Structure formats: C-alpha cells, structure tokens
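A.B. asks: Residue numbers (UniProt numbering): 1 to 239. Just so it is clear, CB atoms sit at the ideal spot from N, CA and C, and this is done for glycine as well. None of the values given here were measured: they were computed from a predicted structure. Structure in structure tokens, see below.
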C-alpha cells in the first residue's frame, strides 16, 4: 500500500513539476532553508527595533527633572544646552528669554524637526520660519509686520508651555565712530590744557604786576625830594 502511494506521488511530481522526485525534494529543502535564514535575520532586526522603541518610550515616560535656573548667560554658554549632552537640560531662547524645552525633546532634541533651534536664540529664524544658519540669531531688525506677529505668537506659546530659566547676555560692540569720537575728545582736552595753563600764568602775572611796581614808584619819590632839598642855592643868580 505504501509502495503504491510512493509510486503515485512520484508520478504526480513528475507530471505537475516536470522534475524528478530527487530534484523536487532538493529544491524544496533549499527553499525551506532559505526561508529559515531570512526569517531569522529580519526577525532579529525587527525585535531589536521593537526593543529600541520600547526603551525610548520608557525613557520618555520617566519623569523629567525640575527646570534649573541658569540666570544670565552668553550665547556661547547657551550652545552647551543643545541636547548633545543628555545630562543637561534642553534650552532655547526667544527674544533674549531662555526656556527649558526638555519636555519636547522629540521636537527640539537631536534628530527632531527643530533640533537646529536648540541651544540658540532663534528669534529671527522662528519669525521667518527659516532653517538657514544666517537666521539662527536673536537679531530681529528689518523684519516685517507679519514676521514680528509670527514671532509674538511663538513667544506666547513658549511662555504658556515652558518654564523661563534665564536670559541671554547681550554685548554692545564698540563702533568705529564712537572710538574716533573718544580719541578726538581726548586730543581736544589735551590741547586745551596748555592753553588754560598759559592763560592762568598770564592772569597771575597781571595780578602780581601792580604790587611790584608800586613800591618802585614810592621808593623813587624820596630820592627826588632829597635832591630838591639838598641842592645848593646860587647867590649870584639870586641877586
């Protein structure tokens, strides 16, 4: 009975596949082996991906530390809080005001759509909705009315959603005009000092002059009187 079943199976394999029974079973074994290998490879990668996602979800579910006040810091110091160091808070500034955006790390953290705004005062970029490096700064001069309104909306959003933790220290660079003005003023002051000193000396001499000349005139008076009183009288001229 079994032999007849085997003969019938071989005839069916040859009739339907055109292959000999040995070739058919060899191809079948290779196919099963290939399926096993592929399922192992892709199955392990999928499992790893699922584990990574679950781990990331668990990290997001962990409570965030309370915001830390950083006070007044420079733009260079603000760059340290761009999310590259997971131990530091994620900070971002608008119009010189620094906010802790750690709770939105998926947006402003590394790999997020707004990651380039983190660690910077991105007022100009937010107002223009620009992702260019030249706009990643807090200077808003030259913006239009609609751009300033958009920036105001962003500021209201940050004020209502995030905690303010500090401000960006602004440095006013010395302009060339102010430097030249200071140099000119210094030169004028230096030039005026000798003239004032000369005027002071002249005034002092004028004040001291009369006090020295008066005694000379007073001293000369007795000499004239003495010559007049001691001069001999000519008797012949008298007659």
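#1: State the Cα-Cα distance for the pair residue 105 and residue 40, rounded to the nearest angstrom.
#2: Spell out the partners DSSP gives residue 72 in its beta bridges.
#3: Tell me, please, whether the region 134–152 touches the region 76–87 by the rule of three or more beta-carbon pairs shorter than 8 Å.
#4: Classify residue 131: buried if its beta carbon has 16 or more other beta carbons within 10 angstroms, exposed otherwise.
#5: Below 6 Å CB to CB, which residues in the same chain sit around residue 120 once its five sequence neighbours on both sides are set aside?
#6: In whole angstroms, give me the CA-to-CA distance for residue 165 and residue 116.
#7: Sort 34, 36, 82, 123 by Cα distance to residue 155 and report the nearest one.
#8: Considering Cα atoms alone, identify which of 168, 4, 163 is closest to residue 89.
#9: With 16 other CB atoms within 10 Å as the buried threshold, where does residue 100 fall?
#10: Over what stretch of residues does the alpha helix (DSSP H) that includes residue 280 continue unbroken?
#11: Nearest-angstrom Cα distance between residue 87 and residue 81?
#12: Are residue 71 and residue 118 touching if we call contact CB-CB under 7 Å?
#13: What residues match up with residue 121 in a beta bridge as DSSP calls it?
#14: Can you find the residues in the same chain that come closer than 7 Å, C-beta to C-beta, to residue 17, ignoring five residues on each side of it along the sequence?
#15: Mind checking who residue 82 pairs with in its DSSP beta bridge?
#16: What separation, rounded to the nearest whole angstrom, lies between the Cα atoms of residue 128 and residue 141?
#17: Helix, strand or coil: which one does DSSP assign to residue 11?
#18: Counting along the chain, where does the alpha helix (DSSP H) carrying residue 106 start and finish?
#19: When you compare only the Cα positions, how much space is there between residue 107 and residue 114?
#20: Under 6 Å: does the beta carbon of residue 38 sit that close to some heavy atom of the ligand ADP?
#21: Where DSSP assigns a beta bridge to residue 16, which residues make up the other side?
C.D. replies: Inspection of the coordinates gives the following:
#1: Answer to the nearest angstrom: the Cα atoms are 34 Å apart.
#2: According to DSSP, which records beta bridges pairwise, residue 72 is partnered with 167.
#3: No contact exists between the region 134–152 and the region 76–87.
#4: Residue 131 is exposed by the Cβ-count criterion.
#5: 136
#6: 20 Å
#7: 123
#8: 163
#9: buried
#10: Residue 280 lies beyond the residue range present for the chain, which begins at 1 and ends at 239; the question has no answer from this structure.
#11: 10 Å
#12: It is not a contact, given that the beta carbons lie outside the stated cut-off.
#13: 93
#14: 24
#15: According to DSSP, which records beta bridges pairwise, residue 82 is partnered with nothing at all.
#16: 12 Å
#17: helix
#18: 105–108
#19: Going by the C-alpha atoms only, they are around 6 Å apart.
#20: Ligands in the displayed structure: none, and consequently the ligand ADP is not present.
#21: DSSP, once it has assigned bridges, lists no residue as partnering residue 16.
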